[in-house]
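Visitor:
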Amino acid sequence: MAIKWRWKRPILKRYERLARHIVALQPKYHAMSDAELKAQTTEFKQRLASGTALDALLPEAFAVVREADRRVLGLEPYLNQVTGAIVLYYGDIAEMKTGEGKSLTATMPLYLNGLTGPGNYLITANAYLANRDAEEIGPVYEWLGLTVSAGAADEKVDDLDTSELDKKGIYSADVVYTTHSALGFDYLMDNLASSEDDQFIQRFHYALVDEIDAVLLDMAQIPLVISGAPRVQSNYYESVDKLVKLLEVGDDLDIEMSDDTQNAWFTERGIHTIETYFGITGLLSPKWSSLYRHLVLSMRANYLMHQGRDYVCEDGEITLIDRENGRKLPGMKLHAGLHQAIEAKEGVTITSESRAMASITYQNLFRMFHKLAGMTGTAKTDVREFRETYNLDVIQVPTHKPVIRKDHPDQLYITNEEKIYASLAKIKEAYAIHRPVLIETGSVSMSELYSYILLKEGIPHSLLNARSVGKEADIIAEAGQPGSITVATSMAGRGTDTKLGKGVREMGGLLVVGTEPMDSQRIDQQLKGRAGRQGAPGESYFYVSLEDKVVLENGPAWVKRARVKYEQQVATGKRPEGQPLTKKRFKNLVRDVQSIAANGQRGARSQTLQFDEIFRLQRETIYQFRNKVMDQADVDGLVAKLCDRALTTLLTPNRQDPLTFEGILDYLFNNVDYNYDRSTLWENWQAGGSQLASYLKTVVEQRLALQQKRFGAADQFLYFEKLSILKAIDHVWIEQVDNLQQLRQVVNSRAQGSRNPIYEYQRDARLSFEQMTHAFWQTALRNLMLSTFTINSDGTMDVDFP
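Taken in order, the sequence shown gives residues 1 to 802; the numbers are from full-length UniProt numbering.
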């Protein structure tokens with residue numbers, strides 16, 4: 001890794017030389033007719049088939065696409081875009097500033113990889129961008145003879161509802177434009193399929209992730225979870241919520257919180273208070289594990305989850321919000337009961353808590369690709385994490401035109417009130433000359449506060465937050481028009497151009513006013529990047545107070561003391577109200593607290609990856625076994641093995657549940673044959689040992705033979721065997737996934753007791769997997785022995801599992 005990083009700059013120079021060579025090829029392809037240019041795709045595929053390496057085709061293929069872009073779209077990629085495309089082809093991150101034409105850049109590596117067939121994806125953050133790019137850019141691939149599709153549902157329907165899409169057709173295309181969530185859910189659904197015909201993802205060859213920092217960093221801790229049948233609804237949520245709201249928070253009280261307010265735990269006093277309230281003892285014992293889990297969930301819901309920042313409550317429902325960009329996450333729920341705990345907190349109807357059927361994090365989803373690349377305008381601040389977690393280097397691609405935007409130093413104030421009035425003065429100044437202003441806020445509530453203030457001041461404006469996301473593209477596109485004032489959360493339309501209106505350049509371009517620093521410098525850079533695109537003028541001011549969230553949560557102790565001191569000086573008239581803080585010690589405060597916050601987030605993402613790595617090993621074992629079952633032409637050997645394992649488990653001595661005659665009889669009636677003839681069991685039971693084992697094996701074989709006779713064709717019985725095994729896998733795996741979700745919540749609470757949560761999770765997950773394996777043998781045996789079925793006139797089969 002170190003060698004790769006050391007030679008990053010020479011690599012860029014080499015890529016730029018290659019880009020100039022590609023541009024120099026342009027006259028050759030410019031002179032070709034449309035038919036001749038299109039024929040290059042067939043020639044490239046023939047050369048690949050004859051053994052030519054894909055890398056060897058890069059100069060010619062990129063030159064062909066560049067010419068096709070010009071003819072089909074009327075846009076010819078610039079030299080820096082060709083350089084960026086080379087970075088993307090070789091599997092790294094191209095940092096390209098906002099407005100540098102990343103969509104056009106992507107056509108070159110996607111075309112070259114598309115020559116190999118299906119399995120190549122352009123991953124976007126939302127369905128709007130995926131469908132827009134497939135519609136606008138897709139004709140280039142089709143013109144050159146490749147197939148292209150869009151794999152995300154129209155956002156007007158539901159971003160997560162892709163049931164009406166032709167999945168087979170979508171994933172058979174050479175190039176697929178889709179979203180990270182659509183691809184992730186389709187992968188999980190693929191691995192719940194009953195046959196190969198029901199699977200649609202062909203391979204994971206090449207993924208080009210747009211705004212890769214948002215997907216692989218900001219969303220790294222949000223697992224994709226497919227939920228199934230609801231579990232029995234708990235009646236703890238409301239009663240526990242009432243108690244937790246009464247508990248006192250603070251040092252040596254009932255609940256203590258970490259300095260950054262990101263974690264909370266019950267103290268000894270708190271546990272005693274809870275035990276007294278419920279009239280119990282031993283709250284931390286296994287007997288009360290369910291109650292304790294609900295208490296932890298309620299504590300997190302009440303003290304760590306905040307309306308307007310983490311979720312919104314609308315029409316009696318809780319909708320999650322992405323903390324980093326303020327977007328709603330429709331259809332997504334917090335797992336393991338936390339969503340229901342928030343519903344209890346807000347006093348809305350508590351929805352059913354569903355079992356998790358399948359789960360994966362974006363980190364492990366994208367690590368499955370043979371080649372992974374990404375593009376974004378802001379990756380430099382996180383080069384180390386990209387390199388260590390994904391083996392991706394960040395290469396900064398020069399801009400086509402110099403960036404002339406003016407980014408002013410942060411304006412730091414004591415209180416939020418001072419900060420708001422200072423920023424309002426700057427907004428009024430711009431509005432007076434009809435200069436467009438984009439006001440960035442850190443939460444829905446703050447965006448609504450600014451909107452209210454502007455209304456009171458008589459300043460017309462647009463409001464863009466999680467409640468108005470449907471208008472996002474239109475609002476951001478118009479944000480550069482004269483006199484336009486736009487208030488937005490940090491979502492602010494990534495992927496949407498803000499075009500400057502007539503006369504705006506002469507005013508200095510778009511003015512970005514940041515009203516609070518984000519947790520990450522990277523997010524701040526994204527916000528500044530809304531102005532000064534493609535060499536246009538622009539300006540940014542960021543206003544900060546000592547009461548801002550990132551400062552309160554991550555600032556050193558002296559900051560709190562300074563705030564109290566300055567507030568007293570203002571109150572006594574020793575300091576003018578609204579005077580900015582200019583002392584040297586405050587100069588790097590914002591960057592310092594952002595660095596602390598970023599380190600905490602990086603640690604949390606690392607822990608998430610460690611948890612999911614344990615889960616990944618189990619998930620891949622199960623999915624590989626499922627695929628093996630579906631692929632096999634003969635499963636008789638597997639059936640014999642699992643029957644033998646099931647009987648061996650039955651006959652293995654167990655002190656807690658000793659083997660009895662009645663136990664075996666009950667087992668045979670409930671797992672092998674409802675009409676079992678018990679007359680021969682007693683003598684074999686008395687003989688015991690190998691004779692009993694041999695007898696039980698014979699009973700199972702006879703029952704299986706009887707099942708086979710009921711089928712008219714061997715392929716029908718094979719399908720029945722496979723289906724019985726797959727249903728058993730799914731049954732026990734769903735239980736395991738749900739169990740692991742619950743287990744993670746529990747072990748995280750153990751961390752406050754100086755116990756390693758990763759070790760605890762690994763140990764308990766391994767034991768749980770072993771128990772699941774035994775349960776699989778029994779469930780598969782029961783499915784094979786006791787299922788009933790009907791063979792229809794068209795040859796299809798209806799199976800009823802026990």
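Cβ atoms here follow ideal geometry from the backbone N, Cα and C, with glycine treated the same way.
At the level of alpha carbons, what is the spacing between Asn-675 and Gln-708?
Guide: 17 Å
Visitor: Could you tell me how far apart the beta carbons of Val-559 and Leu-589 are, in whole angstroms, since I believe they sit closer than 8 Å?
Guide: Yes, Val-559 and Leu-589 are in contact; Cβ-Cβ is about 7 Å, under 8 Å.
Visitor: Compute the beta-carbon to beta-carbon distance between Thr-178 and Ala-214, rounded to the nearest angstrom, for a pair I have assumed lies under 8 Å.
Guide: Not quite, the Cβ-Cβ distance comes to about 15 Å (not below 8 Å), so this is no contact.
Visitor: Helix or strand or just coil, what does DSSP make of Asn-120?
Guide: strand
Visitor: Go through its chain and collect everything with a Cβ distance to Ala-640's Cβ below 6 Å, but skip five positions before and after it.
Guide: none
Visitor: Using a Cβ-Cβ cutoff of less than 6 Å, which residues in the same chain neighbour Asp-158 once the five nearest sequence positions on both sides are dropped?
Guide: Note that Asp-158 scores a pLDDT of 44, beneath 50, so its modelled location is shaky; the value from the coordinates is reported in the next line. Hits under 6 Å: none found.
Visitor: Could you tell me which uninterrupted alpha helix (DSSP H) segments, each at least 4 residues in length, are contained entirely in the UniProt domain "Helicase C-terminal" (426-578), listed from first to last along the chain?
Guide: 444-456, 472-477, 504-507, 521-528, 549-554 and 557-571
Visitor: Taking the DSSP output, what are the residues bridged to Ile-395?
Guide: Ala-94
Visitor: Roughly how many angstroms separate the alpha carbons of Glu-268 and Asp-254, rounded to a whole number?
Guide: 7 Å
Visitor: Taking the C-alpha atoms as reference points, what is the distance between Val-87 and Asp-218?
Guide: When rounded, the separation of the alpha-carbon atoms in Val-87 and Asp-218 is 23 Å.
Visitor: Does the pairing of the region 92-108 with the region 67-81 give three or more beta-carbon distances under 8 Å?
Guide: yes
Visitor: Is it true that the region 107-114 meets the region 51-59, where meeting means three or more beta-carbon pairs spaced less than 8 Å apart?
Guide: yes
Visitor: If you measure between the beta carbons of Thr-441 and Thr-489, is that distance less than 7 Å?
Guide: yes
Visitor: Counting beta carbon pairs with one atom in the region 185-199 and one in the region 566-582, are three or more of them shorter than 8 Å?
Guide: no
Visitor: Tell me which residues share the same chain as Ile-226 and place their Cβ nearer than 8 Å to its Cβ, disregarding the 5 neighbours each side in the sequence.
Guide: Within the same chain, Ile-226 has close Cβ partners Phe-185, Leu-188, Met-189, Leu-192, Ala-356, Met-357, Ala-358 and Ser-359.
Visitor: Using C-beta distances below 8 Å, list every residue in its chain close to residue 837, excluding the 5 sequence neighbours before and after it, in chain order.
Guide: The shown model of the chain, from 1 to 802, leaves out residue 837, and the question about it has no answer.
Visitor: What whole-angstrom Cβ distance do Leu-510 and Arg-530 have, given they're in contact under 8 Å?
Guide: 7 Å
Visitor: Looking at the unbroken alpha helix (DSSP H) that takes in Asp-69, where does it start and where does it end?
Guide: 58-73
Visitor: Would a C-beta distance cut-off of 7 Å place Gln-521 and Thr-381 closer than the cut-off?
Guide: yes
Visitor: For residue 803 and Leu-784, I'd like the C-alpha separation in whole angstroms.
Guide: Residue 803 lies beyond the residue range present for the chain, which begins at 1 and ends at 802; the question has no answer from this structure.
Visitor: Which whole-angstrom value is the C-beta distance of His-205 and Val-240, which I expect to be below 8 Å?
Guide: Not quite, the Cβ-Cβ distance comes to about 48 Å (not below 8 Å), so this is no contact.
Visitor: For Thr-52, which three-state DSSP category applies?
Guide: coil
Visitor: List the residues that DSSP assigns as beta-bridge partners of Glu-256.
Guide: Trp-265
Visitor: Kindly examine the ligand HEM and report whether one of its heavy atoms sits closer than 6 Å to the Cβ of Ile-271.
Guide: Summarising the ligand content, the structure contains no ligands, and the ligand HEM is consequently not present.
Visitor: Under the rule that 16 or more other beta-carbon atoms within 10 Å means buried, what is Leu-726, buried or exposed?
Guide: Buried, because 16 or more other Cβ atoms sit within 10 Å of the Cβ of Leu-726.
Visitor: Specify the secondary structure class of Val-348 as computed by DSSP and reduced to three states.
Guide: coil
Visitor: Would you tell me roughly how many angstroms separate the C-alpha atoms of Asp-548 and Leu-412, rounded to the nearest one?
Guide: Roughly 10 Å between the two C-alpha positions.
Visitor: Indicate the three-state DSSP secondary structure (helix, strand or coil) for Ile-360 in the structure shown.
Guide: Three-state result, Ile-360: strand.
Visitor: On the CB-based measure, 16 or more other CB atoms within 10 Å of its CB, does Gln-601 come out buried or exposed?
Guide: It counts as buried.
Visitor: Within 10 angstroms of its Cβ, does Lys-156 collect 16 or more other Cβ (buried), or is it exposed?
Guide: With a pLDDT of only 46 at Lys-156, under 50, the local geometry of the prediction cannot be trusted, and no value is derived from it.
Visitor: Go through its chain and collect everything with a Cβ distance to Glu-516's Cβ below 6 Å, but skip five positions before and after it.
Guide: Gly-442 and Asp-548
Visitor: Express the C-alpha separation of Leu-424 and Ala-479 in angstroms, rounding to a whole number.
Guide: 18 Å
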